[in-house]
Amino acid sequence: MRRQLPSVEQFVQGIRASDRVLLGQAITLVESAREEHQILAREIIGRLLSPSHTSLTSLRIAVTGAPGVGKSTFIEALGMHLVAQGKRLAVLAIDPSSTVSGGSILGDKTRMEQLSASEKAFIRPSPSGDSLGGVARKTREAIVLVEAAGFDTVIIETVGVGQSEIAAQRMTDVFLLLLLPGAGDELQGIKRGIVEMADFLVVNKTDGDRVKLANQARGHYLNATHLLPPKSSGWQPRVMACSALENMGITEIWEAILEFHSHTLANGFLQENRRQQALYWLEDSIEAGLKTMFYKHPAVKEKLAEVQAEVLAGRMSPTEAAARVLAIVDW
Ligand code: GDP
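In the numbering used here, the protein residues as written are 902 to 1232.
Here it is in structure tokens:
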């Protein structure tokens, strides 16, 4: 027997009243692959979407870094600092490993225990999906829902080899990269492009006998950021240090993030960035939709099977085969 879902109106009112159960259920709808859930989710989001990309009451922060760098510990420390100040924080995630069955890098441990217990925090593990794009789109929609429920600070946590960080950057206002003491980016497995994206480079685990190494890392990244071309936000990336475990440096990082926020609000970058992001996700969703529509088409399926055999037998080039399948769609 199927449980009756709440109506759109119940969802909208519940989320506006910050009902966590309804918020969670609405995110589940966003994450669902079922057509009727997707339709319902779109209706709810449509109703809740204040001009969200221009609603500047929220701050969206991407937090990334290699596995083990201390992301959950850092988010917990920062999060506890924020809720103590009366902020309401939602933590969402983009985990590229959730696209394959059998594991997730971010989700499979007990994480952020203190923060999860706080009434002012809402933590949601990464959605899963069959592509990173799909996973990212779901997280992006969830942002609208948590903001409508009154969460004024949203952290998007991610870990990956580049693509998931880019997706996270395209839905946030500020990008924070966590680093380990000592090793340079090659050794930390961090792509140069990710370092270039960062507004904040934070050397975590600056504690105990790692302080010297941490200072070396800071020097290295300070040099690296000075060599980068200026950012269109006009912000000079900040290299900072903290110990998430010992709660050291967290207040300073939050203050610097607020400074970034005021800076980009004042020069209009934040607003323009959100507008461009909205356009990016429009295009991204169209592309995803087109692909699904195309492959669902019976004539496409038939033709595809036919040309696949030809390609396998070496009688047709993949390019020619693709052209024939694409020719089926009559624009
Ligand atoms: P994540 O995989 O990036 O989310 O990393 P975790 O937050 O799970 O942390 C990985 C390990 O590093 C855990 O054992 C943490 O206790 C430890 N850790 C995190 N932050 C710090 C820190 O600031 N100092 C020290 N010494 N250890 C830390």
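Ideal Cβ positions, reconstructed from N, Cα and C, are used throughout, including at glycine. Predicted model only: the values in this text are computed from it and were never measured.
A check of alpha carbon separations from Ser1065 across Thr1040, Thr1126, Leu1046 and Ser1218 identifies Thr1040 as the nearest.
DSSP, reduced to helix, strand and coil, places Phe1052 outside both helices and strands of the structure shown, so it counts as coil.
The beta-carbon separation of Leu1123 and Val1103, rounded to 12 Å, does not stay under the 8 Å limit for a contact. For Ile995, the enclosing beta strand (DSSP E) begins and ends at Leu990 to Ile995. At the C-beta level, Thr1126 and Ile962 stay beyond 7 Å of one another. Following the DSSP letters along the chain, one finds Ala963 inside the beta strand (DSSP E) bounded by residues Leu960 to Thr965. Using a 10 angstroms sphere on the CB of Pro1131, the tally of other CB atoms stays under 16, which defines it as exposed. Residue environment analysis places Leu930 among the buried positions, since at least 16 neighbouring C-beta atoms fall within 10 angstroms of its C-beta. The residue among Ser919, Asp1231, Asn1148 and Phe975 with its C-alpha nearest the C-alpha of Asp1053 is Ser919.
Taking a contact to require three or more Cβ pairs closer than 8 Å, the stretch 987-994 and the stretch 1015-1028 qualify as touching.
Selection Ala1223, Ile928, Ile1187 and Thr974 evaluated against Thr965 yields Thr974 as nearest (Cα-Cα). Taking a cut-off of 8 Å on C-beta distances, the stretch 943-952 touches the stretch 1044-1059, as three or more cross pairs fall below it. Inclusion of Ile916 and Leu993 in the CB contact set at 7 Å is not warranted, their separation being larger than that value. Ranked by Cα distance from Ile1154, the options Thr958, Gly980, Gln926 and Leu906 are led by Gly980.
Glu1156 and Thr1165 have their alpha carbons spaced roughly 14 Å apart. Proximity of the stretch 1136-1151 to the stretch 1105-1113 meets the contact definition, three or more beta-carbon pairs being nearer than 8 Å.
Taking Leu1205 as reference, the option from Leu923, Ile1187, Ala1224 and Ala934 with the minimal CA-CA separation is Ala1224. Annotation: Leu983 to Ile1187 spans about 37 Å, alpha carbon to alpha carbon.
Per the C-alpha coordinates, the member of Arg943, Met1141 and Ile1024 positioned closest to Asn1105 is Met1141.
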